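Protein chains: 4
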Amino acid sequence: MKFIEQKSISNSFAQELIQAAKIKAQQMKINVNIAIVDQGGNLVAFSRMDHAPLLSINIAQNKAYSAVAFRLPTHEWYGLIKDQPSLKMGIVHTEKLVVFGGGYPIFDGELLVGGIGVSGGSEDEDRQCCEAALKLIKKEMFSKTI
Amino acid sequence: MKFIEQKSISNSFAQELIQAAKIKAQQMKINVNIAIVDQGGNLVAFSRMDHAPLLSINIAQNKAYSAVAFRLPTHEWYGLIKDQPSLKMGIVHTEKLVVFGGGYPIFDGELLVGGIGVSGGSEDEDRQCCEAALKLIKKEMFSKTI
Amino acid sequence: MKFIEQKSISNSFAQELIQAAKIKAQQMKINVNIAIVDQGGNLVAFSRMDHAPLLSINIAQNKAYSAVAFRLPTHEWYGLIKDQPSLKMGIVHTEKLVVFGGGYPIFDGELLVGGIGVSGGSEDEDRQCCEAALKLIKKEMFSKTI
Amino acid sequence: MKFIEQKSISNSFAQELIQAAKIKAQQMKINVNIAIVDQGGNLVAFSRMDHAPLLSINIAQNKAYSAVAFRLPTHEWYGLIKDQPSLKMGIVHTEKLVVFGGGYPIFDGELLVGGIGVSGGSEDEDRQCCEAALKLIKKEMFSKTI
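Order-wise, the sequence lines are chains R, U, D and V. Per our numbering: the first sequence = residues 1 to 146. Per our numbering: the second sequence = residues 1001 to 1146. Per our numbering: the third sequence = residues 2001 to 2146. Per our numbering: the fourth sequence = residues 3001 to 3146.
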């Protein structure tokens, strides 16, 4: 096998995901940064809502990167490392790795196609914004199965 | 005077600017990366068109940053430094500084409010994408004066 | 369109490409570093021949990255920028960008699937190593057309 | 004594070690990144199995580096620092240092000749991949003694 078949999130769908996360943030009356990366971890689209914190510009991007780079929602990291002292102490220094909630890999069926990261609210709020965006995928998949 | 009044580009207007640059790129049949920063040089919005070069992800952001950081379109740099050997040799090493075309400061009247950077086409094409976006500002200002 | 179809170089084919480049280097009695990246610019495989220069470890990787990130053989950069003083002076500072020969994008037909970078010989020797590897693609494509 | 005699892992043996680690990973049905560095800590060979996590590209290289740079398997770090608060808190910030399992120095007898790092599975799985590779050394040494 010479090549691996891949699929990656398009710019237009990235904008839709951002829009969905933004609407959720507005409902919660918070201002967040939202980043979408492709399956290679490269930035596709980014949006900082008015008055969202500057510090979160990079955190949102790193959450999206971490999610795709380990195929794991970022909030699942802590459970994996909390009982392994060396990991708990050491892995958090990995460049661009975020180990708290607000980053999710995006799958089309079984296939990793990108990642989303949100930062600016509480961990729980950030996750809700991501999940609001990810509903667009599920809706699509649901409509396929009908 | 205790404070400086500032104004910065909103997220929604940043999206409109990106949209205008994107339409211009589509007309020229090129795929580009487009970045908008606020008056503090911080990223507000970013969009990578499908198949736009990866290398330009950072270049677009750096062009927008350079434009706002010196209140100067990036293509004007070369004229300023070409006859000053020390600058010509040295300033190009400045972190995030881009000295070729495709980055423009954004003004509201006299007030600096942000910057736009486009990368992925030729220098001339990148500039045309920026200028297509900046027309939205002029249109706005024109409608005010009527 | 929600997703973009992509294809990327497999680990096993990356090893074959490295092997072909290595054989070419041995024929020329040089020792080189060889890097293969996928279509997202991420490292797939790397090999430093015995006694190859350390400095070239990163150069080979950056050549492969540059080739895929701009979809252009790295030796074509100079022709594009030599008559545009601002680009010639400025773009060379782009992080990870190499503008001299020894990096090639890898296409499967029209589709970008990865990049190869070789460093350690002269510019011309590095290019010959890459081209020896890329023959594996052409052979494949040729056999398809029969 | 004007010079120190050194010995370092060859490219061809590095490839064999990678191959052995890969076979172990396949048996465990995981996809990992494998890096081999020489006794100077410089990358000799690297291989990312298809679908191995991107985040682990650098972690594998850093594990191999850490192992050779302190002549210590990376999993032994935690025991050394856990009771020394200043080390525990501070040393993990050392650039490229990994303090969890999956990196091993490679010795030829008493002589440090390189390091191996594996990342992509659990800490335990990563270590098993390394150890499968290191068996090639022992086998070699055993056959010498017969």
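Backbone N, C-alpha and C fix where the C-beta goes; we use that ideal spot for every residue, glycine too. Please read these numbers as outputs of a predicted model, since none were measured by experiment.
For D2124(D), no Cβ of chain R is located within less than 9 Å of the residue's own Cβ. Between the stretch 2126-2137 of chain D and the stretch 2015-2025 of chain D there are three or more C-beta pairs closer than 8 Å, enough to call the two in contact. If you check the CB distance, G41(R) and L3054(V) come in under 9 Å.
Along the stretch 3026-3059 of chain V, going in chain order, the ones with a CB nearer than 7 Å to a CB of chain R are D3050, P3053, L3054, L3055, N3058, I3059. Within chain U, D1050 have C-beta atoms less than 9 Å from the C-beta of S10(R), given in sequence order.
Contact between the stretch 3057-3071 of chain V and the stretch 3105-3123 of chain V is present: three or more C-beta pairs spanning the two stretches fall below 8 Å.
The stretch 3088-3104 of chain V makes no contact with the stretch 3003-3019 of chain V: fewer than 3 CB pairs, one atom from each, lie closer than 8 Å. By the CB criterion at 9 Å, S2008(D) and F3(R) fall inside the cutoff. Sequence-distant Cβ neighbours of L3111(V) in its own chain, meaning closer than 6 Å and more than five residues away, are K3007. At a cut-off of 3 residues, the continuous stretches assigned as beta strand (DSSP E) that sit fully inside the stretch 1020-1048 of chain U are 1033-1038, 1043-1048. In terms of beta-carbon proximity, E2005(D) lines the interface with chain R, with at least one pair separated by less than 9 Å. Within the model, the alpha-carbon separation for Y1065(U) versus K29(R) is close to 29 Å.
In this structure, G1114(U) and V1032(U) do not form a Cβ contact; the two beta carbons are roughly 18 Å apart against a cut-off of 8 Å. Against chain D, a Cβ distance below 7 Å from Y1104(U) picks out nothing, because the smallest value is about 15 Å. Contact between P85(R) and K3063(V) does not hold, since their C-beta atoms are separated by about 17 Å, which reaches or exceeds 8 Å. When secondary structure is reduced to three states using DSSP, L2112(D) falls in the strand class. Under the 10 Å beta carbon count, T1094(U) is surrounded by fewer than 16 other beta carbons and is classified as exposed.
Listed by position along chain R, the residues whose Cβ is nearer than 7 Å to that of V3098(V) are G90. Under the Cβ criterion of 9 Å, A64(R) is not counted among the residues facing chain U. Legend: CB atoms of the stretch 2068-2080 of chain D lying less than 8 Å from CB atoms of chain U belong to residues V2068, A2069, F2070, R2071.
Partner residues in the beta bridge of Y104(R), as assigned by DSSP, are I116(R). When secondary structure is reduced to three states using DSSP, E3095(V) falls in the coil class, being assigned neither helix nor strand. For V3037(V), the CB contacts under 7 Å within the same chain, skipping 5 residues up- and downstream, are L3043, V3044, A3064, Y3065, V3068, G3114, G3115 in chain order. In this structure, DSSP gives S10(R) a state outside helix and strand, which the three-state scheme calls coil. Assigned with DSSP and collapsed to three states, F3(R) falls in strand. Separation of K96(R) and A35(R) (C-alpha to C-alpha, rounded to the nearest whole angstrom) is 14 Å.
Contact between I1059(U) and R1048(U) does not hold, since the beta-carbon distance rounds to 11 Å and is not under 8 Å. Residues of chain R whose Cβ lies closer than 8 Å to the Cβ of K3082(V) are, in chain order, P85. Going by DSSP, G2121(D) is part of no alpha helix (DSSP H) at all; its letter is neither H nor E. For A2060(D), the enclosing alpha helix (DSSP H) has its first and last residue at 2055-2070. If you draw a straight line from the Cα of Q2061(D) to the Cα of S2119(D), it is about 9 Å long.
Under the DSSP assignment, K3088(V) falls in the alpha helix (DSSP H) whose first and last residues are 3085-3090. L2087(D) sits buried, since 16 or more C-beta atoms from the chains shown fall within 10 Å of its C-beta.
One thing to note: E2123(D) has its Cβ within 9 Å of the Cβ of H2075(D). Here R127(R) has H75, G101, G102 as same chain residues with Cβ atoms under 7 Å from its own Cβ, once five neighbours each way along the sequence are excluded.
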